[in-house]
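Enquirer: Chains as they are written, first to last, in our numbering: chain A, 281 to 748; chain B, 293 to 788.
Backbone N, C-alpha and C fix where the C-beta goes; we use that ideal spot for every residue, glycine too.
(1) With DSSP as the reference, identify every bridge partner of residue 545/B, one or two as the case may be.
(2) Can you tell me where the alpha helix (DSSP H) holding residue 625/B begins and where it ends?
(3) So for residue 387/B, helix, strand or coil by DSSP?
(4) Which stretch, first to last residue, makes up the beta strand (DSSP E) that contains residue 474/B?
(5) Compare the C-beta of residue 296/A against all C-beta atoms of chain B and say whether one is closer than 8 Å.
(6) Whose Cβ in chain C lies nearer than 7 Å to the Cβ of residue 730/A?
(7) Under the three-state reduction of DSSP, which class applies to residue 442/B: helix, strand or coil?
(8) For the alpha helix (DSSP H) containing residue 418/A, list its first residue and its last residue.
(9) How would you call residue 643/A, buried or exposed, if buried means at least 16 neighbouring beta carbons within 10 angstroms?
(10) Would the stretch 501–516 of chain A and the stretch 366–384 of chain A be scored as touching if the rule is three or more Cβ pairs under 8 Å?
(11) For residue 386/B, collect the residues of the same chain with a Cβ closer than 6 Å to its Cβ; drop the 5 residues on either side in sequence, then sort them by chain order.
(12) Please report the straight-line C-alpha distance between residue 743/A and residue 735/B, rounded to a whole angstrom.
(13) Does the beta carbon of residue 317/A come closer than 8 Å to any beta carbon on chain B?
(14) In the stretch 666–699 of chain B, which residues sit with their C-beta less than 8 Å from some C-beta in chain A, listed in chain order?
(15) Check whether the Cβ atoms of residue 334/A and residue 674/A sit closer than 8 Å, and answer yes or no.
(16) Could you compute how far the alpha carbon of residue 726/B sits from the alpha carbon of residue 765/B?
(17) For chain B, find out if any of its Cβ atoms is closer than 8 Å to the Cβ of residue 312/A; answer yes or no.
(18) Can you look up residue 513/B in the DSSP assignment and give me helix, strand or coil?
(19) Please report whether the beta-carbon of residue 714/B lies at a distance below 8 Å from any beta-carbon of chain A.
(20) Assign residue 742/B to one of two classes, buried (16 or more other C-beta atoms within 10 Å of its C-beta) or exposed (fewer than that).
(21) What are the boundary residues of the beta strand (DSSP E) that residue 531/A is part of?
(22) Look at the alpha carbon of residue 538/B and the alpha carbon of residue 375/B, and state the distance between them as a whole number of angstroms.
(23) Excluding five sequence neighbours on each side, which residues of the same chain lie with their C-beta closer than 8 Å to the C-beta of residue 253/B?
(24) Within 8 Å of any Cβ in chain A, is that where the Cβ of residue 406/B sits?
(25) Use the C-beta contact count for residue 314/B: other C-beta atoms within 10 angstroms, 16 or more gives buried, fewer gives exposed.
(26) Of the residues 722/A, 629/A and 520/A, which one's Cα is nearest the Cα of residue 564/A?
(27) Which value, in whole angstroms, describes the spacing of the CA atoms of residue 649/A and residue 512/A?
(28) Starting from residue 401/B, trace the alpha helix (DSSP H) both ways and give me its first and last residue.
(29) Compare the beta carbon distance of residue 256/A and residue 389/A with 8 Å and say whether it is the shorter of the two.
(30) Counting only C-beta atoms, is residue 535/B closer than 8 Å to chain A at any point?
(31) Taking only beta-carbon positions, decide if residue 557/A is within less than 8 Å of chain B.
(32) Can you list the residues of chain B that residue 465/A reaches, using a CB-CB cut of under 7 Å?
(33) Taking Cβ positions, are residue 603/B and residue 578/B nearer each other than 8 Å?
(34) Counting along the chain, where does the beta strand (DSSP E) carrying residue 411/B start and finish?
(35) Should residue 733/B be flagged as near chain A, meaning a C-beta pair shorter than 8 Å?
(36) Need the endpoints of the alpha helix (DSSP H) that residue 426/B sits in, please.
This is the structure in structure tokens:
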């Protein structure tokens, strides 16, 4: 039998302190090992709700379960298929990134992407007509997340778009994501010009069917294994996907070049995929969605299961409060700009890609990708510190996703809303920046954090959900 | 004269550290007044009373720097003094190495990262429950110094701690000694065979110092919070502490020190202690029960240790021509010392108004023309400010007020030395006593002062030296708090 109080009375005291610095100093004067928590007040107005949530006897075990499920979730690419077929998406319904949104409140790039999707579906003959019909409320708008799907930037999905289909057999979940269009003037950044629509048509007619044949002939692809490897090759899986994209291409190539298609089409599909540094992003995102989806709906858990932005609002969902969104106005990213673009050209934060941070990569794995600072700003110590800071607001470390420079420590995973509210330390998100005006496309890349009020509201709701 | 007020958003420091900063800056050349404080409601009031305009929208996470200086040039010098003092704070608390190292951001993280077995929580009461659950979940026992924690939260915290096999010492626990390490306010006493379980901070310090004066040392002193032996808490932490001490190789016998307990709880714990095969002695204050000194003496005798003469210095009487007031004024920083003084003095004087939860109760001003005992460490007097053992301002102001009050017949004060206490508390108190007596004498009144001085010569402040400083300004000084109270009563009786 071990001694009572975990052997406290027989051991040399090692002390952690929270509060008055005088007491920590008094202990140091006695040559006692002291670690101070650097306490400061939590986000204003949260103390009562926090105390209630911290006292919830279900919390610790619920969060351990959430972490176990998130890190045990598989992510296997099993098919590529049109959204109408794979998601059962109805004609006239459009999925979008982030929390629910109405046309009236939609930002420029979101409107542009919706206009483009309406044109792609042949539901309008001109951008003006598309806009008119969208404004008239003739179409259904629905978050990707409500269907278990994710979409980068505007994240607009229409029935004829082809989707990757990923499976988590452990938890029997499926997730979907559209095919990546590459950079420049693309729909996800709100561009809807003829070249954008033409490219989307080619992706549906040529690229999608070739990728489907490739996946079906090579067999399921373990996306989680690729993420684990890319983190050791300088990618963080959100804004840097170079190694991941090459590894994905390596897996798909044999199936692509033997696909039943013209050699010209195959060559163009391979060239297009190989030229796209973010080819992998649209697989990393649904892989993370499968991880967070496995952790949804655990009563008492304070772990974030969704972070997503629609260009107007930032929304989060938390395991213990199920499907409920907690939203606040999206911040505008800070970072580096392409060409002549500047801060005034940037749209507020947009896209479901913050699912990568929710799943423990992206900004949370920045230490694995020091080269990212050339793209999003900051310096290398900042990149290392960003990951270290996120350990302070998460419930655990990922056993598979590791950071070599931190001694192969697992990435921080499972954002705990109580820790965010207590420390005021907001999740670090790496992101692309869309132009504020519909049709502009990408204007830069940088760093962004969610608005505090999402987390404040989530803690209040968790407090209300504690059994009396 | 120039006034400078600025708001620094999100720059948090604790109130005790900022008190030190304010003092350092106020002492700089050219600075007439300085207040560096978080913009809490209370501090904003203080700043307004000092004549500073606080910017709109300032909140408790924002730092206010307010200076009144001789001229424009002194603003820069004053701000430089602020920067120096703030830098000194971070220099002592931060031990981070390279640029990408990140210090722990939560108490749970600090416990896990350092492998701590103990956590010391001294955040404002509204936040203390959150911090304590975090430490329990990380597997550490907690010394919960914070007060203003509800009894419902206390019970829930102690149940959670028991389930995790850790101990919550508190809330409002000022004193603990674990494995030779002093936590919070604690005296430097010799190591020895006595385990102390204390539902009382200053009561535990008093008992430890009496034992030390008798040549008997302490193995551990486990605080349990002043309410632990009340019916609502039911002795939850006391039972855990006794079980742990029963298994501890360095503990031979135990002294339980408490503010007046619930009788049923006390009986049940006595029975439980008997089953543990542990020799337990009881210093549990209450009507009809011995005071702490008598209880400690009884324990020493039972253990076969000779009881010494407790250190005491009696002052010479003041001039016989001076008038004398009729009432006892007991002004205490230690809650248990106040409680004990109240019990001792009530036996001789009859009902005494106090803020200790007994009748007659003092109102919000804590004043009364009759006998009064005030505990300046009570929850309602520490909300938004530091404990009087750290920030003695309120009691100092009250000593000056009593000196001008003709109904004040004797001042009974406590002073507690040791780790965590003021580095020169006797000097500060002696100044206040001298001023008080000068005021009374100028008014043709005597003002005898009796000090209960809890400490040891091994304390950083040195008990003998402090006693000399206080005796030099004409105070009578006692190690035994009960003896001090009796002497004060005798002075009142002798002059009545």
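Expert: If we stick to the structure as given:
(1) Counting from 1 along the second chain, the entry for residue 545/B is found at position 253. Beta-bridge pairing links residue 545/B to 486/B and 571/B.
(2) Counted from its first residue, the second chain places residue 625/B at position 333. Where residue 625/B is concerned, there is no enclosing alpha helix (DSSP H), given that its DSSP letter is neither H nor E.
(3) One-based indexing of the second chain puts residue 387/B at position 95. Any reading at residue 387/B must be qualified, since the residue scores a pLDDT of 46, below 50, and its modelled position is unreliable; the value itself is stated next. Coil, per DSSP.
(4) Position 182 of the second chain, counted from the start, is the residue given in the question as residue 474/B. It spans 473–476 - the beta strand (DSSP E) in which residue 474/B sits, taken as one unbroken run.
(5) Taking the first chain and counting its residues from 1, one reaches residue 296/A at position 16. It does: the Cβ of residue 296/A has a partner Cβ on chain B nearer than 8 Å.
(6) Protein chains A and B are contained in the structure displayed, whereas chain C is not.
(7) By one-based count along the second chain, residue 442/B stands at place 150. Three-state DSSP puts residue 442/B in coil, outside helix and strand.
(8) As a position in the first chain, residue 418/A is number 138, starting the count at 1. No alpha helix (DSSP H) contains residue 418/A, which DSSP labels as neither H nor E.
(9) As a working mapping, residue 643/A is identified with position 363 in the first chain. When all chains shown are included, residue 643/A counts as buried.
(10) no
(11) Translated into the one-based positions of the second chain, residue 386/B becomes position 94. Residue confidence is low: residue 386/B scores 46 on pLDDT, short of 50, so the model does not pin down where it sits. No coordinate-derived value is stated.
(12) Taking the first residue of the first chain as position 1, residue 743/A is located at position 463. Taking the first residue of the second chain as position 1, residue 735/B is located at position 443. Straight-line Cα distance between these residues: approximately 60 Å.
(13) As a working note, residue 317/A is residue 37 in the first chain. At least one chain B Cβ lies under 8 Å of residue 317/A.
(14) 678 and 682
(15) Translated into the one-based positions of the first chain, residue 334/A becomes position 54. Translated into the one-based positions of the first chain, residue 674/A becomes position 394. It is not a contact, given that the beta carbons lie outside the stated cut-off.
(16) The residue you call residue 726/B lines up with position 434 of the second chain. The residue you call residue 765/B lines up with position 473 of the second chain. When rounded, the distance between both Cα atoms is 6 Å.
(17) Indexing the first chain from 1 puts residue 312/A at position 32. For residue 312/A, the answer is yes, since a Cβ of chain B falls inside 8 Å of its Cβ.
(18) Against the second chain, residue 513/B aligns to sequence position 221. DSSP places residue 513/B in strand when its eight states are reduced to three.
(19) Position 422 of the second chain, counting from 1, holds the residue named residue 714/B. No, because no Cβ of chain A sits closer than 8 Å to the Cβ of residue 714/B.
(20) Residue 742/B sits at position 450 when you count from the first residue of the second chain. Counting Cβ neighbours within 10 Å, residue 742/B comes out buried, since at least 16 surround it.
(21) Numbered from its first residue, the first chain carries residue 531/A at position 251. Per DSSP, residue 531/A belongs to no beta strand (DSSP E); it is in the alpha helix (DSSP H), 522–537.
(22) If you number the second chain from 1, residue 538/B lands on position 246. If you number the second chain from 1, residue 375/B lands on position 83. Between residue 538/B and residue 375/B, the C-alpha separation is close to 51 Å.
(23) As shown, chain B starts at 293 and ends at 788. That puts residue 253/B outside it, with no answer to give.
(24) Position 114 of the second chain, counting from 1, holds the residue named residue 406/B. At least one chain A Cβ lies under 8 Å of residue 406/B.
(25) Indexing the second chain from 1 puts residue 314/B at position 22. It counts as buried.
(26) Taking the first chain and counting its residues from 1, one reaches residue 564/A at position 284. That would be 520/A, whose Cα lies nearest to the Cα of residue 564/A.
(27) Your numbering for residue 649/A matches position 369 in the first chain. Your numbering for residue 512/A matches position 232 in the first chain. Looking at the two C-alpha atoms, the distance is approximately 9 Å.
(28) Counted from its first residue, the second chain places residue 401/B at position 109. 399–406 is the span of the alpha helix (DSSP H), which, as asked, contains residue 401/B.
(29) Nothing in the structure corresponds to residue 256/A, since chain A is present only between 281 and 748.
(30) Your numbering for residue 535/B matches position 243 in the second chain. Chain A contact via Cβ: present.
(31) Position 277 of the first chain, counted from the start, is the residue given in the question as residue 557/A. Not one chain B Cβ lies under 8 Å of residue 557/A.
(32) Here residue 465/A corresponds to residue number 185 of the first chain, with the count starting at 1. Result: empty, since nearest Cβ-Cβ is about 37 Å, beyond 7 Å.
(33) Counted from its first residue, the second chain places residue 603/B at position 311. Counted from its first residue, the second chain places residue 578/B at position 286. It is not a contact, given that the beta carbons lie outside the stated cut-off.
(34) Working through the second chain from its first residue, we reach residue 411/B at position 119. Where residue 411/B is concerned, the enclosing beta strand (DSSP E) stretches over 410–413.
(35) By one-based count along the second chain, residue 733/B stands at place 441. With 8 Å as the cut-off, residue 733/B does not count as an interface residue toward chain A.
(36) For the purposes of this step, residue 426/B is taken as residue 134 along the second chain, with counting starting at 1. Residues 417–429.
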